[in-house]
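Visitor: In case it helps, full-length UniProt numbering puts the first sequence at residues 1 to 938.
Here's a structure for you.
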Amino acid sequence: MSWRGSVWGCLPNFYTGERNYSHNSPSEFYSSLGSEGFSIGDTSGTDEEDTDSAILYGTLRGSIVGLRYYTGVVNNNEMVALQREPNNPYDKNAVKVNNVNGDQVGHIKKELAAALAGIMDNKLAVVEGVVPYGAKNVFTMPVQMSFWGREENKEAVLDQLKMHGFKLAPPLKEYGFGSKWISGKNGPTYSAPVHAAVHLTAEQLKSEFDKLFEDLKEDDKTCEMEGAEAVGTLLLPHQKQALAWMVSRENSNDLPPFWEERNNFYYNILTNFAVKERPKNVLGGILADDMGLGKTLTTIALILTNFQDGKPLPVEKITSDKICRFFFIIMLLYEKSLFLLYEESSNTVEPGVSSVKKLEAIPLKFSGCHLKRYVSGMIFVFLLVCTASIQSAEKKYSEDNPRTTLIICPLSVLSNWIDQFEQHTSQDFHLNVYIYYGSDRNKDPAILSDQDVVLTTYNILATDYGVSKYDSPLHKIKWLRIVLDEGHTIRNPNAQQTKAVLSLEAHRRWVLTGTPIQNSVKDLWSLISFLKLKPFTDREWWHRTIQRPVTMGTPGGLRRLQSLIKSITLRRTKTSKVKGKPILELPERKVLIQHVTLTEEERQVYQSVKKEGKAAINRFFSEGTVLAHYADILGVLLRLRQLCCHPHLCTNTSSSFSAAGNNTPEELRQMLVTKMKLVLSSGSDEECAVCLESLTLPVITHCAHVFCKPCIYEVIRSEQPNASCPLCRNELRVEHLVECPLEEELDSSNGKKDDQEWISSSKINALMHALIELRKENPTTKCLVVSQFTTFLSLIENPLKKSGFAFTRLDGSMAQKKRVEAIQCFQSSQAGSPTIMLLSLKAGGVGLNLTAASRVFLMDPAWNPAAEDQCFDRCHRLGQKYNVIITKFIVKDSVEENMLKIQNKKRELAAGAFATKKPSASEIKQTKINEIKALIDL
DNA sequence: ACCGCCGGGTGCC
DNA sequence: ACCGCCGGGTGCC
């Protein structure tokens, strides 16, 4: 395939039709969950504790008045929403009542409204309503209200009500969580309230959720479908299944989940809402296959295969395209006297797609000025006709029948999408893919909606939207299809990017994610809301009908969720089977450990550093200050690990043991920053002791412990006024937290490598020996040489050059453009392409594909075995043709050997830990201490 | 609303 | 009668 070039971009634009840019902002009215008030940043999580820990205070019968002034209708037993209306000109206490659809039904009678106003405004409780009977009344109808809130607010709520002469009744038998699963002819019946039900822990939930998918592995989703002609790659059986499922979802006319047709009305069996018009199902869903099963490829196949009425996307055949280009080039040749023309893609922007293609130099010379003018004149007329017809043909797709698919992905996988489009689109077809990224992105909606595919990132989308909701080009277009890659990115409903995504318009909607649920069911809301499944687009209905029943363990709650998931999700894991065969048959993967013995000199340096460090750490132990010196200890270990690799790595020995008192605040800050950088760069892959995930937005405390900023803020908030460090119980204050200054080079020792003369090391010798042997065996075998220390990789470059190896390099510090080049270069099978890639352990996102390599040399062990495994998976994945052999170099009698032992322990833990609970801070502390002891032989 | 409430009309039986 | 009672007008917040 080829990229939309400037040749096309320069064509006059004949399409001037005005579009009706309508905006459909998500209903934002339900903010009474008590969750909007507190938010500590974009990381999802803590802000909704309130709703999860809500209890039912009791119920109250009231009345809805003014029915005849509004159009909203309800059924008996239908849920209604209560919404404050502080700007009502007649009563500042007014409380509106809306039906599930958001149409106003009436108001709460004023005396009751006066009592509710304070409760609702101060978020003391969430008030929910159901109309028990009298739904057909003309003037007023009853409403059964239930009050939910946190335990500590219960008294305040009861007092407020009492002041206005109201008293809550205990939870009613007849009122619960909506109707039962299937309602009978006599109207729905209700499940008993489940106040006593046990709240599920996050872990229980997670394992429950994993069960959700078990049943849908071998469903009726086993139909296969071939991709259209323009798909240049043969699909694997499970991908054909996914394609068939996606196509059927897009062309389906089924009712959405939980809707039933009953005597010409459509009922939602969860809320009892009814409408005359058939509710629309989402033409799309969630593709939740495990990583590596080819979600990207399947999606590309979908784009090419299912355009309209089940027909493939009418992509341009490359031939006609070439003719047009040819004429256009001639015209340019004349007009601008160009003899060399580069067709530079106008969409080649930051991520650095190498889509610059050199066209043949055409040294054309015309004789005679008149002839030239004549010829070019004719060509110009021809082109006008040509483009006019093309433009009018495209216009057909631009209004009600859009042709464009919008793909939104994290920046880290943007280049992967570009590669995959290139790889999987047949050579004979020209697919217009516009990369909407970079400061020079084209914001003309007419251009964007003429593409086949527009590819962008969550950040760009959120940025445009943040500047102006109404000028954001992506929001001016109604897309044929939107695909959210790594869709769980939008799990935080308060994040700007989530809001930006939710307000996009499209006919078809897809979410791709390997982990639809990261932490809890509430992660799903943004996804479901994006899919526009009524009535869940509104947080209140999602919460009342799904989230609360599930988290409170209401009977049927999980079943309800399962039913929802099942109807819109396809998920296969690496171990799933198609027709009895495993989905993926990957070649074998072997891990060898190659022991290395240090030379006498190396050993001496190592021992002396070890002796010194061990003494210091011993001192910390006897003083009981191990955790206070955690960063220092990591520093000692880091130096030892570096010495195992190469003596030159260990240059910044600026011993920071001198934590002595009389420092200026600035010195203290600098010291903390240094320590934090040490922790972050030590490759220890430190987890945040609060969330137990890897650090996001790391900050360091005065006691030198590193946490995620949002996590530690939450600790301080919840323990106020006197918060203490979760690890060492020292005083903790927001103003004492030090943030990590901009992510510059987080490399441990990136200094004076040039002024030192190059020397080898035992490990380098071992590597070179292995590489040269391998080359003798088979000179085309490609290898990854992996280290956590980029400086080490630089040192390895030298002997590689000397021995005549062609190599390339990929590390975290490289610009996106360079990375893409390095990857493409390495993956190429051309003769002379590099056979070695120097790879930093953590470089690249999950999508990084280095299947050209079948050998891996891991130069130094990682703390976290998962990080190693992830790295191996970059070549041991779909597309790998050979058995993969991994060689780990481990220095005998060193910290590295001890690290291996710890790795094994961690592996065992991870394997058995599926259903076990999260360890506490003190357990983490103990684990860390034990690790330190084991590492330094204490 | 086949109600409640309001306020004007009215006033023995 | 500074009441009761009647019956018409009226009706969310």
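Think of the CB as a built atom: it goes at the ideal place given N, C-alpha and C, for glycine as much as any other residue.
Taking its Cβ as the centre, do 16 or more other Cβ atoms sit within 10 Å of Pro721, making it buried, or is it exposed?
Guide: The residue given as residue 721 occupies position 721 in the first sequence. By the neighbour-count rule (16 or more Cβ atoms within 10 Å), Pro721 is not buried but exposed.
Visitor: Assuming Gln160 and Gly118 are in contact, meaning their beta carbons sit under 8 angstroms apart, how far apart are those beta carbons, in whole angstroms?
Guide: Numbered from its first residue, the first sequence carries residue 160 at position 160. Numbered from its first residue, the first sequence carries residue 118 at position 118. Contact holds; Cβ gap of about 5 angstroms.
Visitor: Taking only the alpha-carbon atoms, compute the straight-line gap between Arg544 and Gly557 and give it to the nearest angstrom.
Guide: Numbered from its first residue, the first sequence carries residue 544 at position 544. Numbered from its first residue, the first sequence carries residue 557 at position 557. Between Arg544 and Gly557, the C-alpha separation is close to 11 angstroms.
Visitor: Would you identify the three-state DSSP class for Ala242, choosing helix, strand or coil?
Guide: For the purposes of this step, residue 242 is identified with residue 242 of the first sequence, where counting begins at 1. Three-state result, Ala242: helix.
Visitor: Which of the three DSSP states is assigned to Glu923 in this structure?
Guide: Here residue 923 refers to the residue found at position 923 of the first sequence. Note: Glu923 maps to helix in three-state DSSP.
Visitor: Grouping DSSP H, G and I as helix and E and B as strand, with all else coil, what is Arg877?
Guide: As a working note, residue 877 is residue 877 in the first sequence. Looking at Arg877 - three-state DSSP - the assignment turns out to be coil, as it is neither helix nor strand.
Visitor: Identify, in the order they occur along the chain, each residue of the same chain with its Cβ nearer than 6 angstroms to the Cβ of Tyr436, setting aside the five sequence neighbours on each side.
Guide: For the purposes of this step, residue 436 is identified with residue 436 of the first sequence, where counting begins at 1. The residues are Val454 and Thr456.
Visitor: Drop a sphere of 10 angstroms on the beta-carbon of Glu745, count the other beta-carbons inside from all chains shown, and report buried for 16 or more, exposed for fewer.
Guide: Working through the first sequence from its first residue, we reach residue 745 at position 745. Its pLDDT being 43, under 50, Glu745 is placed unreliably in this model, and the coordinates cannot settle the point.
Visitor: For Ser412 and Asp471, what's the separation of their Cα atoms in angstroms?
Guide: Residue numbering aside, residue 412 sits at position 412 when the first sequence is read from its first letter. Residue numbering aside, residue 471 sits at position 471 when the first sequence is read from its first letter. Roughly 26 angstroms between the two C-alpha positions.
Visitor: Report whether the distance from the Cβ of Ile300 to the nearest heavy atom of the ligand HEM is below 8 angstroms.
Guide: Absence of the ligand HEM from the depicted structure is noted, as is the absence of any ligand whatsoever, leaving it without description.
Visitor: Quick check on this structure: which residue in Val105, Asn87 and Glu923 has the alpha carbon closest to the alpha carbon of Gly66?
Guide: Indexing the first sequence from 1 puts residue 66 at position 66. Ranking Val105, Asn87 and Glu923 by Cα distance to Gly66 puts Val105 first.
Visitor: May I ask you to report which of helix, strand or coil DSSP gives Arg84?
Guide: As a first step, residue 84 must be located in the first sequence, where it is residue number 84. Strand.
Visitor: Based on DSSP bridge pairs, tell me the residues matched to Ser146.
Guide: As a first step, residue 146 is located in the first sequence; it is residue number 146 there, counting from the start. DSSP, once it has assigned bridges, lists Thr59 and Glu128 as partnering Ser146.
Visitor: Measuring straight from C-alpha to C-alpha, what distance separates Thr551 and Ser146?
Guide: In the first sequence, counting from the first residue as 1, residue 551 sits at position 551. In the first sequence, counting from the first residue as 1, residue 146 sits at position 146. Those two C-alpha atoms are separated by around 18 angstroms.
Visitor: Tell me whether Asn98 sits in a helix, a strand or coil according to DSSP, three-state version.
Guide: On the first sequence, position 98 is the one that residue 98 refers to. The answer is strand: DSSP assigns Asn98 an E or B state.
Visitor: By Cβ distance, which residues of its chain are closer than 7 angstroms to residue 941, with the 5 residues on each side in sequence left out?
Guide: In the structure displayed, the chain extends from 1 to 938; residue 941 sits before or after that span and is not available.
Visitor: How many Å lie between Arg249 and Leu533 at the Cα?
Guide: The count along the first sequence starts at 1 and reaches residue 249 at position 249. The count along the first sequence starts at 1 and reaches residue 533 at position 533. In a straight line, the C-alpha of Arg249 is about 14 angstroms away from that of Leu533.
Visitor: Whose CA, out of Asn492, Leu406 and His424, lies closest to the CA of Ile460?
Guide: Mapped onto the first sequence, residue 460 falls at position 460. Here the closest residue by C-alpha is Leu406.
Visitor: For Ser27, name the three-state secondary structure that DSSP assigns.
Guide: Here residue 27 is taken as the residue at index 27 of the first sequence, counted from 1. Unreliable placement is indicated for Ser27, whose pLDDT of 34 sits below 50; the coordinate value is still reported in the next sentence. Looking at Ser27 - three-state DSSP - the assignment turns out to be coil, as it is neither helix nor strand.
Visitor: Does the distance from the C-beta atom of Cys783 to that of Met859 stay below 9 angstroms?
Guide: The residue you call residue 783 lines up with position 783 of the first sequence. The residue you call residue 859 lines up with position 859 of the first sequence. Taking 9 angstroms as the Cβ cut-off, Cys783 and Met859 do not qualify as a contacting pair.
Visitor: Which of helix, strand or coil does DSSP assign to Leu168?
Guide: By 1-based counting over the first sequence, the position of residue 168 is 168. Here Leu168 carries a coil assignment [DSSP, helix/strand/coil].
Visitor: Please report how far the alpha carbon of Thr597 lies from the alpha carbon of His705, in whole angstroms.
Guide: The sequence position of residue 597 within the first sequence is 597, counting from 1. The sequence position of residue 705 within the first sequence is 705, counting from 1. Computed Cα separation, rounded: 35 angstroms.
Visitor: DSSP on Ile886, reduced to helix/strand/coil?
Guide: For the purposes of this step, residue 886 is identified with residue 886 of the first sequence, where counting begins at 1. It is a strand residue.
Visitor: Using 8 angstroms as the Cβ pair cut-off and three pairs as the minimum, do the region 887 to 902 and the region 858 to 875 touch?
Guide: The region 887 to 902 vs the region 858 to 875: in contact.
Visitor: Return the bridge partner residues of Met837 from the DSSP annotation.
Guide: Stepping through the first sequence from its first residue, residue 837 is reached at position 837. Paired residue(s): Leu784 and Thr808.
Visitor: Just mark Ile936 as buried or exposed, buried being the case when its beta carbon has 16 or more other beta carbons within 10 Å.
Guide: Residue 936 sits at position 936 when you count from the first residue of the first sequence. Per the 10 Å Cβ criterion, buried.
Visitor: Report yes or no: do three or more beta-carbon pairs, one from the region 297 to 313 and one from the region 230 to 247, lie closer than 8 angstroms?
Guide: yes
Visitor: Could you compute how far the alpha carbon of Thr927 sits from the alpha carbon of Leu909?
Guide: Within the first sequence, the letter at position 927 stands for residue 927. Within the first sequence, the letter at position 909 stands for residue 909. For Thr927 and Leu909, the gap between their C-alpha atoms comes out near 12 angstroms.
Visitor: Alpha carbon to alpha carbon, how far is Asp523 from Leu570?
Guide: In the first sequence, counting from the first residue as 1, residue 523 sits at position 523. In the first sequence, counting from the first residue as 1, residue 570 sits at position 570. Going by the C-alpha atoms only, they are around 17 angstroms apart.
Visitor: For Met79, which residues does DSSP report across the bridge?
Guide: Taking the first sequence and counting its residues from 1, one reaches residue 79 at position 79. Its beta-bridge partners are Val130.
Visitor: So Val143 and Val126 are in contact, right, with Cβ under 8 angstroms, and what is the actual spacing, rounded?
Guide: On the first sequence, residue 143 is found 143 positions in, with the first residue counted as 1. On the first sequence, residue 126 is found 126 positions in, with the first residue counted as 1. Val126 and Val143 do not touch by the CB rule: their CB atoms are close to 15 angstroms apart, not below 8 angstroms.
Visitor: Where does Ile617 sit, in a helix, a strand or coil, going by DSSP?
Guide: Counted from its first residue, the first sequence places residue 617 at position 617. Three-state result, Ile617: helix.
Visitor: With DSSP run on the structure shown, which of helix, strand or coil describes Ser724?
Guide: Indexing the first sequence from 1 puts residue 724 at position 724. If DSSP states are grouped into helix, strand and coil, Ser724 belongs with the strands.
Visitor: Measuring CB atoms only, is the region 497 to 511 touching the region 471 to 486, in the sense that at least three cross pairs come out at less than 8 angstroms?
Guide: yes
Visitor: Is there contact between the region 793 to 806 and the region 728 to 741, where contact requires at least three CB pairs shorter than 8 angstroms?
Guide: no
Visitor: What does the alpha-carbon distance come out to for the pair Gly812 and Ser787?
Guide: Reading the first sequence from its first residue, position 812 is the one you call residue 812. Reading the first sequence from its first residue, position 787 is the one you call residue 787. C-alpha separation (whole angstroms): 12 angstroms.
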